[in-house]
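The structure appears right after this line, and notes come after that.
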Amino acid sequence: NLSSHSSKNRTTNLLEDLKMNLTIRTEHEKEFNQIYDFVRIAFETAQVSDGNEQNFVNELRASENYIPELALVALVDGNIVGHIMLTKYIVQDLNQNHDVLLLAPLSVDLNYRGQGIGSKLVMKSFELARKMGYTAVVLVGDPAYYQRFGFKSSVDFGINCHEIPAQYVQACELVEGSLDNVFGTLTF
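Residues 86 to 273 (this note's numbering) make up the sequence shown, in order.
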C-alpha cells in the first residue's frame, strides 16, 4: 500500500528530525553575520567552490531579488547546520522575460552532510515557493546531487547559458509544464 509506505516514511523522517532536533525556518537579520561565516566555512570543504559564496549571499540579500521567506536555515539544537536561498531570477528571451527562482547557494555543515539536511532545505524551500506562486527554479550545481529534486539540464527546457558548461546549469519545474514555452538565456 503506497499511502501507508508514504505515511511510514513521514513518521520515520519526523522521528529522525526529533532525534536530531532539526528545525528549518527563515533566516533572521540578527544571524546574517553568522550565516556569512557559516557559508564561507561550509564551502571551504565543498567539492566545487569559487570562495565567494558568502559574498554572493550578501549580494543577493542586498538586491531587489531577495525573498526573505525563501532564505532558510536548518538548526540542530539551535545551531545553524544548513542554509539555502531562493531569489528572483529572469530567463531572458528576445520577446519577453520569464520569472524563475535561482537556488544559490545551498550550504550544509561538513559534520551534518549525508544526513538529509540539504534535501530537507531544498524540499521546504520548494514547498514555500509553490505556495507563493513560483513555478520554476534554476541553479548551477552538481547534476548528480540535484537530479533527485527533478532538476535537468536547462538546455532540455530550451534555456541556455553561454558562460558555464551546460551540464551544470539546471532547471526544475515546481509546477509541471511551467517551462514549456520558456526559451531564452541565463546570465550569471
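Yeah, the Cβ is synthetic: ideal placement off N, Cα and C, and Gly gets one too.
**Prompt:** With 16 other CB atoms within 10 Å as the buried threshold, where does residue 260 fall?
**Reply:** exposed
| request: Could you spell out the range, first to last residue, of the alpha helix (DSSP H) harbouring residue 189? | output: Taken as a continuous stretch (DSSP letters only), residue 189 belongs to no alpha helix (DSSP H), being part of the beta strand (DSSP E) at 182 to 193.
#### Entry: Inter-stretch contact (C-beta, 8 angstroms, three-pair minimum) for the region 228 to 238 and the region 142 to 162
no
field: For residue 208, the nearest candidate out of 141, 188 and 135 (CA to CA)
entry: 188
**Prompt:** Whole-angstrom Cβ separation of residue 222 and residue 186, contact assumed at under 8 angstroms?
**Reply:** 5 angstroms
Checklist line | Outcome for residue 194 when other beta-carbon atoms lying within 10 angstroms are tallied against a minimum of 16 | finding: buried
* To do: Less than 8 angstroms between the CB atoms is what I'm expecting for residue 157 and residue 111, so what's the real figure, rounded?
  => 6 angstroms
Hey, is the region 252 to 272 in contact with the region 164 to 176, meaning 3+ C-beta pairs nearer than 8 angstroms? yes
**Asked** When DSSP labels each residue in this structure, what does residue 170 get in the three-state scheme?
**Response** strand
_Pair within 7 angstroms by beta-carbon distance, residue 169 and residue 206_ = yes
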